[in-house]
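In the working numbering, the protein residues as written are 73 to 301.
Written out below as structure tokens is the structure these notes cover.
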């Protein structure tokens with residue numbers, strides 16, 4: 073990993089807007105992009121395709137370390153490519169999520185994916201989306217952001233997404249699920265969800281994506297100079 077390559081880490085809970093912000097920022101900067109949360113789903117999918125058992129820790133770690141993945145931002149929407157194939161929709165399935173939860177519990181896989189994530193650090197720079205990017209994976213990143221939003225607002229965003237897909241949802245249940253996940257993520261012993269000590273927090277509850285992007289662009293210019301954006 074070259075420490076001379078700039079990295080911007082964008083961490084935060086689900087629904088805070090970090091995915092949208094990080095993708096747009098990487099596209100605007102012309103930098104590489106890493107969706108760290110997708111990697112476990114990709115390892116699970118690669119395991120299925122290479123017929124590796126989900127309890128074969130050594131084999132899964134080997135898959136993770138050599139994972140052939142690309143996050144393509146050239147189109148309007150993010151395209152996730154595994155071994156040359158577009159698997160964007162495949163890894164968002166419930167089955168992919170279940171496989172991801174199993175492989176993520178294996179220490180050797182987590183260790184292997186740390187090295188794999190470091191390999192994304194290439195010129196001209198890297199924007200990351202995750203939960204422990206600034207605290208664990210890239211603690212030396214020159215700019216660390218932590219996006220937050222209330223559980224109620226994140227539940228509303230999730231509700232709208234589900235309704236757009238024709239899926240029934242209950243706001244109260246969504247708020248409870250989000251609050252439960254927040255507690256679980258922030259209290260876990262390995263890489264808990266929390267802002268790095270030098271992270272800048274951006275509250276997104278009451279502002280739109282364009283205003284969030286303006287704030288993020290301003291922070292980038294302050295750190296890297298006006299030539300960046």
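From the three backbone atoms N, C-alpha and C, an ideal C-beta is built for every residue, glycine too.
Within the same chain, show all residues whose beta-carbon is closer than 8 Å to that of residue i, passing over the 5 residues directly before and after it, in chain order.
i           : result
residue 258 : 264, 265 and 266
residue 73  : For residue 73, the predicted model reports a pLDDT of 47, less than 50, meaning its position is unreliable and no value from the coordinates is stated.
residue 231 : 241, 243 and 246
residue 109 : 201, 202 and 203
residue 117 : 154, 159, 162, 163, 168 and 171
Excluding the 5 residues flanking residue i on each side, which residues of the same chain have their C-beta closer than 7 Å to its C-beta?
i           : result
residue 137 : 184, 187 and 188
residue 77  : 193, 194, 195, 197 and 198
residue 224 : 247
Based on the DSSP secondary-structure assignment, which residues constitute the bridge partners of residue i?
i           : result
residue 143 : 152
residue 216 : 81
residue 105 : 199
residue 158 : 153
Closer than 6 Å to a non-hydrogen atom of the ligand COA - does that hold for the CB of residue i?
i           : result
residue 238 : In terms of ligand content, the structure shown is empty, and the ligand COA therefore cannot be addressed.
Between the beta-carbon of residue i and the beta-carbon of residue j, is there less than 7 Å?
i           : j           : result
residue 79  : residue 218 : no
residue 271 : residue 216 : yes
residue 206 : residue 83  : yes
residue 249 : residue 178 : no
residue 295 : residue 214 : yes
residue 260 : residue 87  : no
residue 151 : residue 144 : yes
residue 124 : residue 131 : yes
Check for me: the alpha helix (DSSP H) holding residue i runs from which residue to which?
i           : result
residue 90  : 90–101
residue 253 : 243–259
residue 190 : 179–190
residue 174 : 166–176
residue 288 : 281–296
residue 133 : 129–137
residue 223 : 223–236
Contact defined as beta carbons within less than 8 Å: I believe residue i pairs with residue j. What is the distance between those atoms, to the nearest angstrom?
i           : j           : result
residue 119 : residue 126 : 6 Å
residue 93  : residue 284 : 6 Å
residue 277 : residue 221 : 4 Å
residue 175 : residue 115 : 5 Å
residue 97  : residue 274 : Not quite, the Cβ-Cβ distance comes to about 12 Å (not below 8 Å), so this is no contact.
Determine the extent of the beta strand (DSSP E) in which residue i is found, giving its start and end residues.
i           : result
residue 201 : 198–202
residue 272 : 272–275
residue 83  : 79–83
Using C-beta distances below 6 Å, list every residue in its chain close to residue i, excluding the 5 sequence neighbours before and after it, in chain order.
i           : result
residue 286 : none
residue 81  : 200, 205, 206, 210, 213 and 216
residue 226 : 87 and 250
residue 85  : 254
residue 90  : 82, 84, 201 and 219
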